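If you're matching them up, the sequences are chains A and B in order. Everything in the first sequence is counted per this note's numbering, starting at -4 for the first residue and increasing by one. Everything in the second sequence is counted per this note's numbering, starting at -11 for the first residue and increasing by one.
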Amino acid sequence: MNDTSVLWEETVQGGAAWSHVLKRGTALRLTDLEGGANTAAIFFNFDCPAERFNLPDTLKAQHIARLTQGFVLYSDMGRVLCSITEDTVGWHDPLAGCSNAALVAEKYGEATYQHCRNDWHQNARELFLIELAKWGLGPRDLAANVNFFSRVDVADDGSLAHHADNSKPGAYVELRAEMNVLVILNTCQHPLDPNPKYVPKPVQLSVRRVPAPVRTDPCRLSRPENERGFTLTERYFL
Amino acid sequence: MSSVNLAQRTRGEQDAVYSFVIPAGDPWMHEIKKGQYLRIVDLYGNQAVDTLFYNAHDPSDRYSAQDTIRAQRNIYLTTGTRLLTGAGTVLLTIVGDTCGRHDTLGGACASESNMVRYSIEKRHMHACRNSFLKAVTEHGRGWDKRDITSNINFFMNVPVTPEGKLTFEDGISEPGKYVEMRAEIDVVALISNCPQLNNPCNAYNPTPVQVLIWDGPAE
């Protein structure tokens, strides 16, 4: 990373939420500081939040059931919200969704704020809803999420299995914003994490300026569908 | 849970309290009361039936594909699948299935995704999301695009490979195959009988499907 391009860095503690309007022409790098982190994330076109991350369109346009470098995140309007320009993890889970209060209480037991202060047990769904509300959005705006750093394998019979040790200490993934993207994320444990202990891991965030994608951008050329997705995104700004 | 779990139902059409044939390319929206049974019949085989469900008393409490597949730890829907909302509400349970496998990853076709997937010149072609939007804006409850989320594709076969690829396989449905669900609360069903002409999921020939509703057994 060219350090002069870095605008700022910060660390999101485990089990915490964060949101930001990632401007077109900047990129967000997420780094798993300790290994075994999870980051649940949702995405909106900040200028018109009715346009949001569309999981099925992202999967079927690129014939994928995982996310990694070279793939992009599509909105429901046929446009690219973010491109995954760098990735040392290799597999990010788009299938298993996010934890909720009942799941966290069942797996880890109760841990209220009154008893535990800021070590209380958080869940991804509630953190999404709280963070959405800060931007004037609500439950109707909460659709499918991505889980960065986590992997869920699908067997031939369709069964799901959490994949251990998917993300190593220092592993990172970088998202380049192709429009002004409201990114809402949290660092709650993956909902299928088999660890019986509540131990959400911290994630470092780094925002930097990046050049606009060129004609030969790897994410643009990875699929003929993405060439059209980038064209439609460019037209949006014309 | 097995990914293929066939189960037949016994009640006949003559006992149904509601029956309707949804033409290819049309939306259908209907309330199903707690305890009622909804059957969807693939009349001509391999027709994609794009379907969403909502808690009738709080439409923000709605079907969630991710929560449904995570809870049963399987990506395919079949007999025994509980259709869940993001808040964990059980909307319906699949109680009968003569097809054996239904998709909930592929979503609905849209003018915009058709432009990406096939050609920018495809914008004019009819698509499921237009049917969904027509239904939710016409029925006057104040719903809009935010209420359209990742749907079920009844009778569609969309396997995931161990390498993480999403594939669109030939259908395993046939004329007369059906899926039947019991409503666990009052729900609103929203169907787009898929008009897709750009891929072979329905042999490039969208066809009508039948929806039937039965009351629950007498208490």
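Built from N, CA and C at the ideal position, the CB exists for glycine as well. All figures in this text were calculated on a predicted structure; none of them were measured in a lab.
message: Among the candidates A:Gly104, A:Val202, A:Pro186 and A:Val205, whose CA atom is the shortest distance from the CA of Asp88 (chain A)?
response: A:Pro186
- request: Would you kindly work out how many angstroms separate the C-alpha atoms of Met103 (chain B) and His114 (chain B), rounded to a whole number?
  value: 12 Å
query: Excluding five sequence neighbours on each side, which residues of the same chain lie with their C-beta closer than 7 Å to the C-beta of Phe142 (chain B)?
result: Ile28, Val37, Thr39, His90 and Val167
message: Considering just the uninterrupted stretch of the beta strand (DSSP E) at Gly224 (chain A), what are its terminal residues?
response: No beta strand (DSSP E) holds Gly224 (chain A); the alpha helix (DSSP H) holding it covers Pro219 to Tyr231.
query: Can you name, in chain order, every residue of its own chain whose Cβ lies under 8 Å from the Cβ of Arg120 (chain A), other than the five neighbours on each side?
result: Cys93, Ser94, Asn95, Ala96 and Leu137
- prompt: DSSP three-state call for His87 (chain A): helix, strand or coil?
  reply: strand
Cα-Cα separation between Tyr25 (chain B) and Trp16 (chain B), rounded to whole angstroms: 16 Å
query: Can you find at least 3 beta carbon pairs, one from the region 66 to 80 of chain B and one from the region 151 to 162 of chain B, that sit closer than 8 Å?
result: no
message: Which same chain residues end up closer than 7 Å to Glu5 (chain A) when comparing Cβ atoms and leaving out the 5 residues on each side of it in sequence?
response: Leu200
message: Helix, strand or coil, according to DSSP, for Asn187 (chain B) in the structure here?
response: coil
- prompt: Mind checking if Trp130 (chain A) is an interface residue toward chain C, Cβ cutoff 9 Å exclusive?
  reply: Absent here is chain C; the protein component of the structure consists of chains A and B.
- prompt: Nearest-angstrom Cα distance between Ile173 (chain B) and Lys22 (chain B)?
  reply: 4 Å
field: Buried or exposed (CB count within 10 angstroms, at least 16 for buried), Gly165 (chain A)
entry: exposed
- request: Pick out whichever of A:Asn190, A:Phe143, A:Val202 and A:Leu54 has its Cα sitting closest to the Cα of Leu2 (chain A).
  value: A:Val202
message: I'd like to know whether the C-beta of Ser145 (chain A) is nearer than 9 Å to at least one C-beta of chain B.
response: no
task: Leaving out five residues on either side along the sequence, give the residues of the same chain with a beta carbon under 8 Å from the beta carbon of Lys192 (chain A).
output: Tyr103
Distance CB(Ala36 (chain A))-CB(Val141 (chain A)) smaller than 9 Å: yes
- request: Identify whether Ser(-10) (chain B) lies in helix, strand or coil by the three-state DSSP scheme.
  value: For Ser(-10) (chain B), the predicted structure reports a pLDDT of 43, less than 50, and the residue's modelled location is therefore unreliable. A value from the coordinates is still provided. If DSSP states are grouped into helix, strand and coil, Ser(-10) (chain B) belongs with coil.
field: Where the region 60 to 74 of chain B meets chain A: residues whose CB sits under 7 Å from a CB there
entry: Arg61, Asn62, Ile63, Tyr64 and Gly74
task: Say whether chain A places a C-beta atom closer than 9 Å to the C-beta of Thr125 (chain B).
output: no
task: List the endpoints of the continuous beta strand (DSSP E) containing Leu80 (chain B).
output: Val78 to Asp85
query: DSSP on Val205 (chain A), reduced to helix/strand/coil?
result: coil
message: Considering Cα atoms alone, identify which of B:Gln54, B:Phe120 and B:Glu109 is closest to Cys97 (chain B).
response: B:Phe120
- prompt: From Pro134 (chain A) to Ser217 (chain A), what does the alpha carbon distance come to, in whole angstroms?
  reply: 34 Å
- prompt: Roughly how many angstroms lie between the CA atoms of Met(-4) (chain A) and Asn43 (chain B), to the nearest whole one?
  reply: Only weak support exists for where Met(-4) (chain A) lies, its pLDDT of 49 falling under 50; the coordinates are left without a value.
task: Starting from the beta carbon of Asp136 (chain A), find every residue of chain B whose beta carbon is closer than 8 Å, and list them in chain order.
output: Arg134
task: Using only the heavy atoms of the ligand GTP, determine whether one of them is closer than 8 Å to the beta carbon of Asn33 (chain A).
output: Although the ligand GTP was asked about, the structure shown includes no ligands whatsoever.
message: Tell me which residues of the region 145 to 161 of chain A have at least one Cβ-Cβ distance to chain B shorter than 9 Å, keeping chain order.
response: Arg146, Val147, Asp148, Val149, Ala150, Asp151, Asp152, Gly153, Ser154, Leu155 and Ala156
query: Nearest to Lys196 (chain A) by CA position, among A:Thr182, A:Tyr167 and A:Pro219, is which residue?
result: A:Thr182
query: Are Val198 (chain A) and Thr63 (chain A) closer than 9 Å when you measure CB to CB?
result: no
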